[in-house]
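> Sharing a structure below in structure tokens format, with a few things to ask.
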């Protein structure tokens, strides 16, 4: 206790030692403390029906000071002095100070005389000490001091709110959002926090003060204007006001704690009541089961049959094995539940549980004892009765067994003997039935002894006065009557089987003859139908004529076939005559064949119908083949003209592109006239397409009149159009290159001559293979290298060879070595220029572009920079005015829009960097 008092004293009295020093720093704090401490005191004095107006005057006599301490502490102080003299006032104040000191508060430099004299500083210090002790000291969060605990409580409550960051009890509260957040956290319906603005502290503070006073019973202890107008609000005033919020909201937390305690108590009570209800129900169910079971165990009435007594024994065993064990467990669980319930009631200070009358644990134990008493001896009685019935039932069981065996054997025998299955049976089936009947007669004789044994056992049971003798006698009589009937039916069936056998032997011979002749005739008709209906595919007139000749030969065999058909049907008619004469039931069919007369007649009629159809189909196909032949000849005549024409035009275009007659403009004019003549040939291609469509619709797949297919013609036509268009475009590009690069006609002719000379190796041919002139319009890598060498271009790695000229011996040596001794690195660089896509070929246009760069005088980035430097007056930059003065308007604006500002040391406002612009024009940097 001493440690707690001294520790708490150090915690909340530490600010008192700095009281004078703090007060001297800012007089505005005194005003805030006056208002806050006065409101705080009045919030407690109102409970006693009084209040103060002037804090340093109204506490001078000590009466209201003592009353304030009684209200906030809940204790009675010593009786105050009612006199008006100074000594009475000092006595009252000392009583109050002594009471404060008794609470472990150390008062530093605060005496009764200063309070009686109205010393404002001492009075405010005393009130602050009271506030610390009775309003703030008890606040503790996670074992922190009072001030730290109150600050931690504020930080936790305001943590979810934006723009609120409580770090102290002065400037953190100036914008008013901290007070509003505390209220909204506990009473969100009182403040619309979303509408508050951090830049409107007066509104925020007044809103919080008004709501706290109206709805939370917290008096208005501060003025919003004082807080906003002070650079650092008074910490004690803020702490006092915030502690009021803490105490106001802590009451709600106490209510919640009380509600939780009540819920916990009720939960315990509800659990106990449920245990009581479970006990009552379990006890009632167990007693009811015992009441129902005891009469069943006491029943000793015997049964007449062994089965009934065995069922009783089985029921008793089920009772011991299935029904009783769960009830034993229930009885044990009932006692456990009872003891558990009593223990819980005792621990929760509840009265002991008293079950309803007749359901005590002792009542259940007594009922259980009666149950076990009734159970005793019941199994022994059952076993004795079973042994008694076993002796009597043995003989009855023997009778039933033999009777059952005999009845099982005779079951269906009468129906079998009465059936007339022989009337619809075949000859082989009749013979099988006779053998089966003979076997049955032997079996019938063997069962005579069993019938006599059954009669003897029945007689013995009658003599022993068996309880079920009437049923035994009735069963025995039925067996004897049935035995006599079986003998008569057996003789009658034998006679019928032998008579039917003779008739079926005659019919069987006729069936066999029918089958031998019907099968080959049926096969002949099926083959004929298959041939007559078989689809045929022919492509020539000769093939259809061969099919017609074979069909005429088939028709000549039809009269003989009809005679055979009539003979086969006559055999079948003879069988029908025998069946009608002797009334034989021929439900079965011919065992030797499945071919019926109806089937033979039907197929014959079908063959006769198919013959004229086949005649018509062959005639139509003959006419169709004649038409197809005309289509073949028509297409072949046109294709044999168009195909060579396309090939000739392709060769002529190739020669035009190689030969160099006249200027490039003359070549271009000639090619365009040639293109027009090719396009005018298109109607003949279209007509050939129409003829080809007719051939396709007629499903003609070959044509001996021509080697050209429509696909060949289409591909050749497309290649012809592509070649003439590509050749025209190539000449146009040569004209553009010549004009742009300043190449003379003689140079262009020299380039073309070299290109054509080396355009000879088919692409993809192996080195050393024969290389005929291909004139494909492109050069392979080796062709291109040889062409460059022939033009005197240096691709070697020899630094001494820089003249740009090659004599005859050097050129011959280059052709022999062909590219593996011509400087691979340099040649790879040139190939990356003329063949950027790495296709392995060099077009004439790429070849011209490369040669024009090597021979023509082209502009460079350095030349353009030198030109700009002249316009700029030898400066490293150029201005907008200079560009507009020296260049045409559109080109001047183009440069102004794309030139970057100049950033050199000699830069002036508006200077532009023409050097980076010049390099960008040639791709050496980004524009």
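Residue numbers (the working numbering): 81 to 1007.
We put the CB at the ideal spot given by N, CA and C, even for glycine.
All values derive from a computational prediction rather than experimental measurement.
Beta-carbon within less than 6 Å of residue 984's beta-carbon, same chain only, minus the 5 sequence neighbours each way: which residues are those?
Indexing the chain shown from 1 puts residue 984 at position 904. Hits under 6 Å: 956.
> If we count the other Cβ atoms within 10 Å of its Cβ and call it buried at 16 or more, is residue 253 buried or exposed?
Position 173 of the chain shown, counted from the start, is the residue given in the question as residue 253. Buried, because 16 or more other Cβ atoms sit within 10 Å of the Cβ of residue 253.
> Less than 8 Å between the C-beta atoms of residue 271 and residue 287, yes or no?
By 1-based counting over the chain shown, the position of residue 271 is 191. By 1-based counting over the chain shown, the position of residue 287 is 207. In this structure, residue 287 lies closer than 8 Å to residue 271 by Cβ.
> Here's the rule: buried if 16 or more other CB atoms are within 10 angstroms of the residue's CB, otherwise exposed. What is residue 376?
Locating residue 376 in the chain shown gives position 296, where the first residue counts as 1. Classification for residue 376: exposed.
> Spatial neighbours of residue 1015 within its chain, please: CB distance less than 7 Å, with the 5 preceding and 5 following residues excluded, ordered by chain position.
Outside the shown range of the chain, which is 81 to 1007, sits residue 1015, and nothing can be said about it.
> What's the gap between the Cα of residue 467 and the Cα of residue 423?
What you label residue 467 is simply residue 387 of the chain shown in a count that begins at 1. What you label residue 423 is simply residue 343 of the chain shown in a count that begins at 1. Going from the Cα of residue 467 to the Cα of residue 423 covers about 54 Å.
> To the nearest angstrom, report how far apart residue 911 and residue 918 are at their CA atoms.
Here the question's residue 911 lines up with position 831 in the chain shown. Here the question's residue 918 lines up with position 838 in the chain shown. Each residue's alpha carbon lies about 8 Å from the other.
> Closest to residue 574 by CA distance: which of 672, 607, 502, 538 is it?
For this step, residue 574 is matched to residue 494 along the chain shown. Per the Cα distances, 502.
> Within a Cβ cutoff of 6 Å, which residues of the same chain sit near residue 1002, ignoring the five residues on either side of it in sequence?
The residue given as residue 1002 occupies position 922 in the chain shown. Same-chain partners within the cutoff: 941.
> Starting from residue 122, follow the alpha helix (DSSP H) in both directions and report where the run begins and ends.
Position 42 of the chain shown, counted from the start, is the residue given in the question as residue 122. Element bounds for residue 122: 108-125.
> I need the DSSP call for residue 981, collapsed to helix, strand or coil.
Here residue 981 refers to the residue found at position 901 of the chain shown. Residue 981 falls in the strand class under three-state DSSP.
> Have a look at the DSSP bridge pairing and note the partners of residue 993.
To locate residue 993, count along the chain shown from 1; it is residue 913. Answer by DSSP bridge pairing, in chain order: 980.
> Suppose you measure from the CA of residue 245 to the CA of residue 322; what does that come to, to the nearest Å?
The residue you call residue 245 lines up with position 165 of the chain shown. The residue you call residue 322 lines up with position 242 of the chain shown. Going from the Cα of residue 245 to the Cα of residue 322 covers about 15 Å.
> Consult DSSP for residue 190 and reduce its assignment to one of helix, strand or coil.
Your numbering for residue 190 matches position 110 in the chain shown. Looking at residue 190 - three-state DSSP - the assignment turns out to be coil, as it is neither helix nor strand.
> Sort out for me which residues DSSP pairs residue 958 with in a bridge.
Taking the first residue of the chain shown as 1, we reach residue 958 at position 878. Answer is 992, bridged to residue 958.
> Give every residue of the same chain whose Cβ lies closer than 6 Å to the Cβ of residue 989, excluding the five residues on either side of it in the sequence, and list them in chain order.
Start at 1 with the first residue of the chain shown, and residue 989 comes out as number 909. Closer than 6 Å at the Cβ level, and outside the excluded window around residue 989, lies no residue.
> Give the straight-line distance between the Cα atoms of residue 1085 and residue 443, rounded to the nearest whole angstrom.
Shown here, the chain extends from 81 to 1007; a query on residue 1085 therefore has no answer.
> Pick helix, strand or coil for residue 922, following the three-state DSSP scheme.
As a first step, residue 922 is located in the chain shown; it is residue number 842 there, counting from the start. Strand.
> By how many angstroms is the C-alpha of residue 570 removed from the C-alpha of residue 558?
To locate residue 558, count along the chain shown from 1; it is residue 478. To locate residue 570, count along the chain shown from 1; it is residue 490. The straight-line gap from Cα to Cα measures roughly 19 Å.
> Only counting the same chain, and skipping five residues up and downstream in sequence, which positions put a Cβ closer than 6 Å to that of residue 295?
Within the chain shown, the letter at position 215 stands for residue 295. Result list for residue 295: 270, in chain order.
> Quick one: using the 10 Å Cβ neighbour count with 16 as the cut-off for buried, is residue 523 buried or exposed?
Position 443 of the chain shown, counted from the first residue, corresponds to residue 523. Flag for residue 523 reads exposed.
> In whole angstroms, give me the CA-to-CA distance for residue 131 and residue 347.
Residue mapping note: residue 131 aligns to position 51 of the chain shown, counting from 1. Residue mapping note: residue 347 aligns to position 267 of the chain shown, counting from 1. Cα to Cα, the separation comes out at about 47 Å.
> Using 8 Å as the threshold, is the C-beta distance between residue 465 and residue 389 below it?
Mapped onto the chain shown, residue 465 falls at position 385. Mapped onto the chain shown, residue 389 falls at position 309. Cβ distance < 8 Å, so residue 465 and residue 389 count as in contact.
> Need the endpoints of the alpha helix (DSSP H) that residue 286 sits in, please.
Looking up residue 286 in the chain shown gives position 206. Segment 281-295, the alpha helix (DSSP H) holding residue 286.
> Could you check if residue 179 is buried or exposed, using at least 16 other CB atoms within 10 Å of its CB as the buried criterion?
As a first step, residue 179 must be located in the chain shown, where it is residue number 99. Buried.
> Helix, strand or coil for residue 539? Go by DSSP, reduced to three states.
Here residue 539 is taken as the residue at index 459 of the chain shown, counted from 1. Residue 539 falls in the helix class under three-state DSSP.
> Express the C-alpha separation of residue 718 and residue 622 in angstroms, rounding to a whole number.
To locate residue 622, count along the chain shown from 1; it is residue 542. To locate residue 718, count along the chain shown from 1; it is residue 638. Computed Cα separation, rounded: 26 Å.
> So residue 326 and residue 421 are supposed to be a Cβ contact under 8 Å. How far apart are they, rounded?
Here the question's residue 326 lines up with position 246 in the chain shown. Here the question's residue 421 lines up with position 341 in the chain shown. With a Cβ gap of about 45 Å, residue 326 and residue 421 do not count as contacting.
> Is residue 953 buried or exposed, if buried means 16 or more other CB atoms sit within 10 Å of its CB?
The sequence position of residue 953 within the chain shown is 873, counting from 1. By the 10 Å Cβ count, residue 953 comes out exposed.
> Which parts of the stretch 240-279 are runs of the alpha helix (DSSP H), unbroken and 4 residues or longer, counting only runs that do not cross its ends?
The qualifying runs are 257-266.
> Touching or not, the stretch 123-140 and the stretch 199-216, by the rule of three or more beta carbon pairs under 8 Å?
The stretch 123-140 makes contact with the stretch 199-216, as at least three CB pairs between them are under 8 Å.
> To the nearest angstrom, report how far apart residue 387 and residue 398 are at their CA atoms.
On the chain shown, residue 387 is found 307 positions in, with the first residue counted as 1. On the chain shown, residue 398 is found 318 positions in, with the first residue counted as 1. Using only the alpha carbons, I get a separation of about 16 Å.
> Got a sec? Which residues, its chain only, sit under 7 Å from residue 418 by beta carbon, not counting five neighbours each side?
Position 338 of the chain shown, counting from 1, holds the residue named residue 418. Cβ neighbours of residue 418 beyond the five flanking positions: 359, 441.
> Report the rounded CA-to-CA distance for residue 660 versus residue 583, giving the unit in angstroms.
Within the chain shown, the letter at position 580 stands for residue 660. Within the chain shown, the letter at position 503 stands for residue 583. Residue 660 and residue 583 have their C-alpha atoms roughly 12 Å apart.
> For residue 818, which residues in the same chain have their Cβ closer than 6 Å to its Cβ, ignoring the five residues on either side in sequence?
What you label residue 818 is simply residue 738 of the chain shown in a count that begins at 1. Within the same chain, and ignoring the five residues on either side of residue 818 in sequence, the residues whose Cβ sits closer than 6 Å to its Cβ are 828.
> At the level of alpha carbons, what is the spacing between residue 887 and residue 822?
Here residue 887 is taken as the residue at index 807 of the chain shown, counted from 1. Here residue 822 is taken as the residue at index 742 of the chain shown, counted from 1. In this prediction, residue 887 scores a pLDDT of 38, lower than 50, which makes its location untrustworthy; no coordinate-derived value is stated.
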